[in-house]
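To keep things clear, I will list the structure first and then write my remarks on it.
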Amino acid sequence: MTAFNKKVAQNLRKIAALLKEQDANYFRCQAYLHAAQTIENLPRDLRVLFEEQGIQGLIHLPTIGTGIAYLIYEHISTGRMSKLENLQGSSDPVSLYQVIPTVGRELAQRIHDKLHVNTLEELESAVHTGQLNQVEGLGKKRQQAITDWLSNIFNARNKNLSGYTSRFDEKKIGPSVSLLLKIDAQYRTKAQAKKLPLIAPKRFNLENKAWLPILHVTQEKWHFTAIYSNTERAHKLDKIFDWVVIFFYDNHHQEGHHTVVTETHGNNTGKRVVRGREYECRIFYETSKQAV
7 MTAFNKKVAQ NLRKIAALLK EQDANYFRCQ AYLHAAQTIE NLPRDLRVLF
57 EEQGIQGLIH LPTIGTGIAY LIYEHISTGR MSKLENLQGS SDPVSLYQVI
107 PTVGRELAQR IHDKLHVNTL EELESAVHTG QLNQVEGLGK KRQQAITDWL
157 SNIFNARNKN LSGYTSRFDE KKIGPSVSLL LKIDAQYRTK AQAKKLPLIA
207 PKRFNLENKA WLPILHVTQE KWHFTAIYSN TERAHKLDKI FDWVVIFFYD
257 NHHQEGHHTV VTETHGNNTG KRVVRGREYE CRIFYETSKQ AV
C-alpha cells in the first residue's frame with residue numbers, strides 16, 4: 007500500500023469511527039470501513055489510477071461508489087477531505103480557498119465574507135454567475151486565474167463520467183424545503199433539550215470541550231447530518247446557535263448541503279429559511295398558512 011493510499015484509508019476509517027460515535031446509520035459507517043479496506047488492499051496508487059482512468063476508475067473499485075470516489079478525488083486535488091472536517095466540526099472555507107493559486111488568506115476571507123460560500127462547488131457556482139465582481143480588490147486577471155483553476159479541477163473530476171451527475175442540483179433532486187425545515191426544527195429542539203451527541207470541534211475551541219451537538223437521521227430516502235455553523239463568520243455575527251448546516255446524502259454517498267437561518271428581512275422575517283431557496287420557503291409558509 008502506498009503512503010498516499012494509506013492516508014486516504016486512514017481518513018475513511020476516521021469518518022466511519024466518527025459516524026459510529028455520533029450514532030449515525032450503521033450501513034453508512036460500514037460503507038466507509040469497506041471502502042478503507044478496499045484501498046488498503048490496492049497495490050496501485052490512487053493518484054495514478056485517477057490519472058489513467060479518471061473518476062470512473064475510482065468509482066469502479068469494489069465498495070467505493072460515486073460519493074466516496076469524489077472524496078478521494080477531493081483529497082487528490084486539494085489534500086483535504088471535507089466530509090471528515092465537517093464531522094470533526096473543523097470545516098474552514100477560508101483555509102480551503104487558499105489552495106487556489108494566487109489566493110492568500112486575506113483574499114480568501116474577503117471572498118467568504120462577501121459571497122457567503124463555503125465549498126469549492128459553491129465558489130464555482132458564484133464564479134459562473136459573475137459574483138466575483140462583488141469582491142473588493144479582485145481584478146480581472148486574478149478572477150480569470152480562479153475561474154481557470156476551478157474549471158480544471160471540476161473538468162478533471164468529471165472526465166469520462168457518464169450516466170451520473172457529479173454534484174447535486176439541490177433544487178431539482180435534493181430534499182424539499184419542507185423536509186429541510188423539518189430536520190432543522192428536529193435538530194434545534196433536540197440540541198436545546200441536550201438529547202444529541204456532542205463533539206469537540208477543532209476550531210474556536212481552545213479548551214477542546216465537547217459542546218457542538220450533531221444529529222444523524224434518515225428520512226424520505228435521504229441521510230442527513232445537521233450541525234450548528236462553527237465558522238468564523240458565525241462567531242463574528244453571534245449566529246452560532248442560529249445557523250444550522252444540513253448535509254444530505256443519497257445511497258451512493260453523493261453529498262449536498264444547505265444552511266438554514268432565521269430570516270432578518272423581507273416576507274419571511276422571523277421565520278426559518280433555507281439560504282438560497284428563500285422563495286420556496288415563502289411559498290411553503292403561505293401554503294401551510296392556507297391549509298390551517
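The sequence shown begins at 7 in this note's numbering and counts up one residue at a time.
All residues carry an ideal CB built from backbone N, CA and C; glycine is no exception.
In or out: glycine 262 buried (at least 16 other Cβ within 10 Å) or exposed?
Around the beta carbon of glycine 262, a 10 Å sphere encloses 16 or more other beta carbons of the protein chains shown; the residue is thus reported as buried.
For a test of the three-state rule: what should DSSP assign to glutamine 225, helix, strand or coil?
strand
Leaving out the 5 sequence neighbours to the left and right, which residues in its chain are closer than 6 Å to glutamate 176 when beta-carbon positions are compared?
Low per-residue confidence applies at glutamate 176: pLDDT is 45, beneath 50, and the placement is therefore not dependable, though the value from the model is reported in the following sentence. Gly262.
Apart from the five residues just before and just after glutamate 238, which ones in its own chain have a Cβ nearer than 7 Å to its Cβ?
Val100
Using DSSP bridges, identify the partner residues of isoleucine 189.
DSSP, once it has assigned bridges, lists no residue as partnering isoleucine 189.
Please state whether DSSP places phenylalanine 230 in a helix, a strand or coil.
strand
DSSP beta-bridge partners of phenylalanine 254:
Partner(s): Phe230, Gly262.
Where leucine 64 sits in the DSSP three-state scheme:
helix
At least three beta-carbon pairs within less than 8 Å, the stretch 136-147 to the stretch 183-199
Counting C-beta pairs with one atom in each stretch, the stretch 136-147 and the stretch 183-199 have fewer than three that are closer than 8 Å, which means they do not touch.
Of the residues Ser184, Ile233, Asn214, Thr275, which one's Cα is nearest the Cα of serine 294?
Ser184
Excluding sequence positions up to five away, which residues of its chain have a Cβ less than 8 Å from the Cβ of proline 203?
Excluding residues within five positions, the ones whose Cβ falls inside 8 Å are Glu27, Gln28, Asp29, Pro219, Ile220.
Rounded to a whole number of angstroms, what is the C-alpha to C-alpha distance between alanine 15 and isoleucine 21?
10 Å
Cβ neighbour criterion (16 or more within 10 Å) applied to tyrosine 103:
buried
Tell whether a beta-carbon distance below 7 Å holds between proline 181 and phenylalanine 254.
It is a contact, given that the beta carbons lie within the stated cut-off.
Helix or strand or just coil, what does DSSP make of isoleucine 205?
The three-state secondary structure of isoleucine 205, taken from DSSP, is strand.
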